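Quick notes on the structure that follows.
In UniProt numbering, the protein residues as written are 1 to 229.
Given below as structure tokens:
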């Protein structure tokens, strides 16, 4: 991937979307290209984190282990997404683990290199604060909304999120998730997921082929997602 392609990707999809061209060029110049294979663990929850990862290609799963030992899938990240930013910025431990769901290419940035970039481009710090504030606001809105939704609307909302972040353009989700994995992501049991998907399949809202979910009626799924008890 050429430098101008990297710069365009960063400006459109990542934590650095509000940064000016000179700052983005500095990030690319000081960054290092790394690759990972499907199944590789990129980050371990609890480890120290002084490296930031910017995904250029491929897809990763972000998850954490709760105090009861259960795995919680927080999100899925693809090209343009930034991972590892929390520990990178506050100097603490990794709050989640990240594993590669496909072969990946990433741009990494060390904390020392980032500090030097901030010295040259001080406005970048405020831009990052605004971007993080927007992300926190969006997360809070999702959490608050999910509290109000029954299992059906909640699952519909998450399927629409997955479709917006990664689909083949025809409603087919790029990710092939088991019902247990989908339950970990949505916060529902496998049995609840199974019942809901089966009901939607019977009514042609979705179809399932060898574990792949195809959203056939997006408008109906959106209506379900917005239904409040």
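Cβ coordinates follow ideal geometry from the N, Cα and C atoms, glycine included. Predicted model only: the values in this text are computed from it and were never measured.
Assigned secondary structure, residue i (DSSP; H/G/I helix, E/B strand, else coil)
| i | result |
| --- | --- |
| residue 53 | strand |
| residue 94 | coil |
| residue 71 | strand |
| residue 203 | coil |
| residue 220 | helix |
| residue 64 | strand |
Close-in-space but distant-in-sequence residues of the same chain around residue i (CB under 8 Å, 5 per side omitted)
| i | result |
| --- | --- |
| residue 243 | Residue 243 is absent from the model: the chain starts at 1 and stops at 229. |
Alpha-carbon spacing of residue i relative to residue j, whole angstroms
| i | j | result |
| --- | --- | --- |
| residue 156 | residue 135 | 21 Å |
| residue 163 | residue 137 | 21 Å |
| residue 158 | residue 198 | 16 Å |
| residue 5 | residue 225 | 36 Å |
| residue 78 | residue 105 | 10 Å |
| residue 178 | residue 116 | 44 Å |
| residue 120 | residue 93 | 27 Å |
| residue 90 | residue 64 | 18 Å |
| residue 222 | residue 160 | 8 Å |
| residue 15 | residue 30 | 17 Å |
Contact set for residue i: own chain, Cβ-Cβ below 6 Å, skip 5 residues either direction
| i | result |
| --- | --- |
| residue 182 | 193 |
| residue 9 | 80 |
Own chain partners of residue i with C-beta closer than 7 Å, once the 5 adjacent residues on each side are dropped
| i | result |
| --- | --- |
| residue 201 | 207 and 208 |
| residue 220 | 205 |
| residue 217 | 204 and 205 |
| residue 19 | 124 and 127 |
| residue 12 | 80 |
**Prompt:** Are the stretch 28–36 and the stretch 124–134 touching by the rule of at least three beta carbon pairs closer than 8 Å?
**Reply:** no
**Prompt:** Using 8 Å as the threshold, is the stretch 47–55 in touch with the stretch 82–90, meaning 3 or more CB pairs across them?
**Reply:** yes
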